[in-house]
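Position 76 (the sequence shown) corresponds to 68 in this note's numbering; numbering is contiguous.
For every residue, glycine included, the Cβ atom is placed at its ideal position computed from N, Cα and C.
Note that the structure is predicted; figures quoted are calculated from it, not measured.
Let me begin by presenting the structure, written as structure tokens, before commenting on it.
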Amino acid sequence: MKPLILLSFLFLLACSNKNTAPVAPPPPSLPVASVVSGTETTFQEYPASIEGVVNVEVRPQVSGSLDKVFLDEGAFVNAGQPIFKINEQPFRAALNNALAAQHAAEAALINAQLEVERLTPLVQNKVISDFQLKSAKATAQAAKANIEQAKANVSTASINLGYTLIKAPVSGYIGRLQKKQGSLVGPADAEALTQLSDVHDVHVYFSLGEKDFVNFKDQYPGQTLKDKLKQLPAVTLLLADNTEYAKPGKIDVIDGQFDKNTGAITVRASFPNPQGLIRSGNTGKIRLSLKHNDALVVPESATIDMQDKVFVFTVGDSSKVKKQAITIIGKAGGNYLVKDGVKVGDQIVLSGIDKLQEGMVIQPQKATEKVAVVRTKK
């Protein structure tokens, strides 16, 4: 009897397990938010090179031995201040010779004029023919020409003597001294004696690609590029250590054409440099602002990167999610600015997206919708 009872119990248990269906887990509860749009400002950085408003190569105009160097490298000089001195003795001797030649020419003119004065009455009284007088007058004219030539030689010698003292053409900072005292220098030298940089203002040069240039200029009013330059906001200079330079700059020049090799156009921004903190040859970055009107805003945390593309999960009918690729045009704070892929009002999942799959059903958390998108204003 007992075996029969046991068999009946096992049969009933098997039937019970067969008729009981597995219980499906509830859909995950995830926060969602609506895509919004607004006016945002993004910033783009471009490598830049820095030059003084004036960069002058200081070169000798005459050849000779460098007798004196008045200032050291890096020193500040005022325009007209002496920097180098070339041995002047050969040039002073040349000036003295030119002066002597001038005096001799002046004496020759006096003699020629005396001869004309002597011959004039003799010709008038028909004592001699006028041929001798004409010859004397021609000699006097030649003496006058010799004086003019002598004066020119004196002027040239005086200029060359002046070139032996090399002065600063502009105010600025002295660069590296390529020649030391005692060196032979001349106009044909491959290297300049030094460079002089006027850096009370500096010019910062950077390049914009064609697309960036079009986007940059299209957002400002004006019929011509000159009009647009007046409307451009101030720009920021980042120094080599990524610190911001204290003074804002202004874009004042845009090159006339694109470089055929790089496909970029050169832009110049000017910055005041009253303290002389920036020197010619420095490098840095220019930070430009770009205003986006009616840009779609999506939190960066609500996106996932896959195969060089960025995706979000949108919530559709029956709370099913769909993986949607988006096109990003910039970043403002913790938000991506999106060109297409989603539209205003679309519901997107904010977190937990790494565990989602296409077509998966979720339970949207409506309570967090109003704080889902953090807008950052610059």
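Ranked by Cα distance from L87, the options S26, G154, F68 are led by G154.
Proximity of the stretch 349 to 359 to the stretch 319 to 332 falls short of the contact definition, fewer than three beta-carbon pairs being nearer than 8 Å. Distance between A40 and Q211, taken at the CA atoms: about 23 Å. The stretch 285 to 302 makes contact with the stretch 310 to 324: 3 or more CB pairs, one atom from each, lie closer than 8 Å.
Taking 3 residues as the shortest admissible run, the stretch 16 to 71 contains the following complete beta strand (DSSP E) segments, listed from N- to C-terminal end: 21 to 26, 28 to 50, 56 to 61.
Between E98 and I139, the gap from beta carbon to beta carbon is short of 8 Å.
I270 and V48 have their alpha carbons spaced roughly 17 Å apart. The alpha-carbon separation between T34 and D64 amounts to approximately 45 Å. Proximity to N265 across E109, P356, P179, V191 peaks at V191, based on C-alpha coordinates.
The C-beta distance from L157 to P52 rounds to 11 Å, too long to meet the 8 Å contact threshold. Between K277 and L230, the C-beta gap is smaller than 8 Å, which places the two residues in contact.
The secondary-structure analysis by DSSP pairs P240 with nothing; it has no beta-bridge partner. The C-alpha of G344 is placed about 16 Å away from the C-alpha of S26. In the three-state reduction of the DSSP assignment, D181 falls in the coil class, being assigned neither a helical nor a strand state.
Remark: C-beta atoms of Q187 and K60 do not approach each other more closely than 8 Å. Beta-carbon to beta-carbon, A71 and A160 are separated by about 6 Å, close enough to satisfy the 8 Å threshold. Between V289 and the set E80, E32, N253, A226, the nearest pair of CA atoms involves E32. Pairing E43 with R260, the inter-Cα distance amounts to about 10 Å. By the CB criterion at 8 Å, V227 and P213 fall outside the cutoff.
Under the three-state reduction of DSSP, D251 is assigned to coil, being neither helix nor strand. S147: member of the alpha helix (DSSP H) spanning 122 to 155, first to last residue. Straight-line measurement puts the Cα of V307 at about 8 Å from the Cα of D338. If you draw a straight line from the Cα of Q94 to the Cα of T148, it is about 13 Å long. The residue from N274, K218, G255 with its alpha-carbon nearest to that of D233 is N274. Boundaries of the alpha helix (DSSP H) harbouring I102: 81 to 116, taken from the DSSP string.
Taking every protein chain shown into account, the CB of G164 has 16 or more other CB atoms within 10 angstroms, so this residue is buried.
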